[in-house]
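Okay, so here's the structure we're looking at.
Numbering (UniProt numbering), first residue to last: 1 to 436.
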């Protein structure tokens, strides 16, 4: 049994962390936090000129779903909403007036439901928590109702960078150019292993993005969506964000054809969910040492038109994005431009920005007019390398399917050294084979 004093301490820590880097939205909005096994910790947070909290109206208290599947789906669809995959969010969260003590029944624009264990874990580990992680899901996961973008902002306020993360961004700022006019593109056709690894190592050493054209030679690069349904239709991608039921490839593609898109695009974009287990080894990046990379993430969804599918952010590790189906337009900004991009001070593994590149509000974000980005269009078969700290956002020009992986070591120099070591080892093997 957790004591009342412990609850009070947890609430105080939560409110202090939310307030530390808070930036008020243009309109007052309310977020309900529902702690399913501890009503005493459930609160309504009104995001106005400052964050105010008050007891949550009893009617909004709902039990957590019994299946972890729903938690998995909503965590995936929400945790990345502000930085990595919210782009089809075109609806505006419902504004509410700042409640007075007598007007606490105003509807919230977003509701976050989790249990005491997960809330405690989030506050204990601000440098590492991620609602999509296996750790979070094992603790019960969370459910998001209403505005996914608003909920994502609330969650973002709880994150903090590690010392290593801050150091990685500082190294990127020191090494990267101030801006780029173009992104270097190398055709890998006829490029041997040594040349490929050397080009990658050079790009990471210099902290500049690189496109490797024709790098991805999987048969699936030539597949149509009908082919995906025919060959992989029964493969489960993730739990459906709206129902928690298993969402297969076939059902997902059927959803892409629907005209109705939810606010966060949950039905029509997978937002970086983990690859199905059967796909992990199958879609290992070709011609590169597998030991360099972590688990794959899937970015699958419909064309976005003028809207973003991935909002502006940077990652605190090197990102390798393999384009398999359709075309994407990626805009990149150098690490040193963080001030003009209005990057958040609250972040851990990725750092989102407040400005919407697709429709910038220069009255609120006047420095963005000075930002200098560079665009690159990715075709099926391309591999885009984004070094640590490079800010980027994405448009889906067609229905798209991409797989991304981060390097397991977040230090660019270490990754570059491993690539050069692999080149040396490969040369030794080649020479041995020739002399043998």
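The C-beta atom is built at its ideal place from N, Cα and C for all residues, glycine as well. Note that the coordinates shown come from a computational prediction; the quantities given were computed from them, not determined experimentally.
With respect to the C-alpha of residue 21, the residue from 156, 302 and 323 having the closest C-alpha is 156. Counting other Cβ atoms within 10 Å of its Cβ, residue 188 reaches 16 or more and is therefore classed as buried. In this structure, DSSP gives residue 275 a state outside helix and strand, which the three-state scheme calls coil.
Contact between the region 298 to 311 and the region 335 to 349 is absent: fewer than three C-beta pairs spanning the two stretches fall below 8 Å. Between residue 415 and residue 318 the beta-carbon gap is near 6 Å, inside 8 Å, which marks them as a contact. DSSP places residue 309 outside both helix and strand once states are collapsed to three, so it counts as coil.
In the DSSP assignment, residue 45 forms a beta bridge with 31 and 53. Residue 323 sits buried, since 16 or more C-beta atoms from the chains shown fall within 10 Å of its C-beta.
In the structure shown, residue 300 adopts extended strand secondary structure according to DSSP, grouped into three states. Counting along the chain, the unbroken alpha helix (DSSP H) around residue 252 starts and ends at 249 to 257. Taking C-beta separations shorter than 6 Å and ignoring five residues to either side along the sequence, the partners of residue 162 in its chain run 127, following chain order. Distances from the alpha-carbon of residue 398 to those of 257, 344, 219 and 357 put 257 closest. Residue environment analysis places residue 297 among the buried positions, since at least 16 neighbouring C-beta atoms fall within 10 angstroms of its C-beta.
The C-beta of residue 158 has 16 or more other C-beta atoms within 10 Å across all chains shown, which makes the residue buried.
An exposed status is given to residue 280, since fewer than 16 other beta-carbon atoms sit within 10 Å of its beta-carbon. In the DSSP assignment, residue 320 forms a beta bridge with 385 and 405. Within its own chain, the residues whose Cβ lies closer than 8 Å to the Cβ of residue 275, once the five positions on either side in sequence are excluded, are 283, 295, 296, 297, 298 and 403, listed in chain order. It is roughly 10 Å from the alpha-carbon of residue 173 to the alpha-carbon of residue 167. Secondary structure of residue 225 (DSSP, three-state): helix. By alpha-carbon distance to residue 40, the top candidate from 182, 49 and 54 is 54. Beta-bridge annotation (DSSP): residue 293 is paired with 407. Distance from the Cα of residue 378 is smallest, within the candidate group 331, 3 and 201, for 331.
In the DSSP annotation of this structure, the continuous segment of the beta strand (DSSP E) that includes residue 187 starts and ends at 184 to 187.
For residue 218, the closest alpha carbon among the candidates 186, 381 and 237 is that of 381. With a 10 Å radius around the Cβ and a threshold of 16 neighbouring Cβ atoms, residue 383 comes out buried. Counting other Cβ atoms within 10 Å of its Cβ, residue 370 stays below 16 and is therefore classed as exposed. Cβ neighbours of residue 419 within its own chain (closer than 7 Å, five residues either side excluded): 197, 200 and 201.
When DSSP reads this structure, residue 328 sits in a beta bridge with 378 and 396.
Beta-bridge partners assigned by DSSP to residue 314: 351.
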